[in-house]
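*Asks:*
Residue numbers (the working numbering): 50 to 174.
#1: From what residue to what residue does the alpha helix (DSSP H) around residue 174 run?
#2: Mind the definition here: the segment 119-133 touches the segment 81-88 only if three or more C-beta pairs lie below 8 angstroms; say whether that holds.
#3: Using only CA atoms, which one of 165, 126, 90 and 69 lies nearest to residue 109?
#4: Contact check, residue 127 vs residue 161 under 8 angstroms by CB: the rounded distance?
#5: Would you report the Cα separation of residue 158 and residue 76, rounded to the nearest angstrom?
#6: Would you report the Cα separation of residue 103 and residue 118, rounded to the nearest angstrom?
#7: Quick check on residue 85: buried or exposed, where buried means 16 or more other Cβ atoms within 10 Å of its Cβ?
#8: Secondary structure at residue 103, three-state DSSP: helix, strand or coil?
Rendered as structure tokens:
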């Protein structure tokens with residue numbers, strides 16, 4: 050069975066899916082500068098969480114915010130790679146699509162900043 054053929058067995062199919070996901074996450078973290086930056090910020094927020102002894106609920110929300118940003122950043126990267134593959138030279142419609150994907154990252158990042166501010170500003174003050 051080739052690497053990309055459908056695996057009809059439940060367990061081996063799931064393990065292959067996890068393998069592809071881990072491979073993709075590794076590629077994102079090691080090759081994409083925006084994801085490197087976002088990951089570094091996520092690690093800094095985790096360190097801050099331990100330092101400030103944030104509550105269980107704050108950990109849940111912070112973890113969700115970090116995952117949201119990294120997930121949307123990954124989708125944005127995929128959209129950009131597909132768009133560049135389909136139309137390598139500048140095209141107005143491709144630029145519009147890439148701007149929308151970047152806008153989704155902006156919304157996720159602003160949400161994460163708001164969550165960080167709500168959690169940490171009272172602790173810092």
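Quick reminder that beta carbons are idealized off the backbone N, C-alpha and C, glycines included.
*Replies:* Quick answer:
#1: Within the chain shown, the letter at position 125 stands for residue 174. Taken as a continuous stretch (DSSP letters only), residue 174 belongs to no alpha helix (DSSP H), as it is neither H nor E.
#2: yes
#3: Along the chain shown, one-based indexing puts residue 109 at 60. When each option's Cα is compared against that of residue 109, the closest is 165.
#4: Locating residue 127 in the chain shown gives position 78, counting from the first residue. Locating residue 161 in the chain shown gives position 112, counting from the first residue. In this structure residue 127 does not touch residue 161 by the C-beta definition: roughly 20 angstroms separates them, more than the 8 angstroms allowed.
#5: As a first step, residue 158 is located in the chain shown; it is residue number 109 there, counting from the start. As a first step, residue 76 is located in the chain shown; it is residue number 27 there, counting from the start. Cα-Cα distance, rounded: 21 angstroms.
#6: Within the chain shown, the letter at position 54 stands for residue 103. Within the chain shown, the letter at position 69 stands for residue 118. Computed Cα separation, rounded: 20 angstroms.
#7: As a working mapping, residue 85 is identified with position 36 in the chain shown. Around the beta carbon of residue 85, fewer than 16 other beta carbons lie within 10 angstroms, which makes this residue exposed.
#8: Sequence index remark: in the chain shown, residue 103 carries index 54 (1-based). Three-state DSSP puts residue 103 in coil, outside helix and strand.
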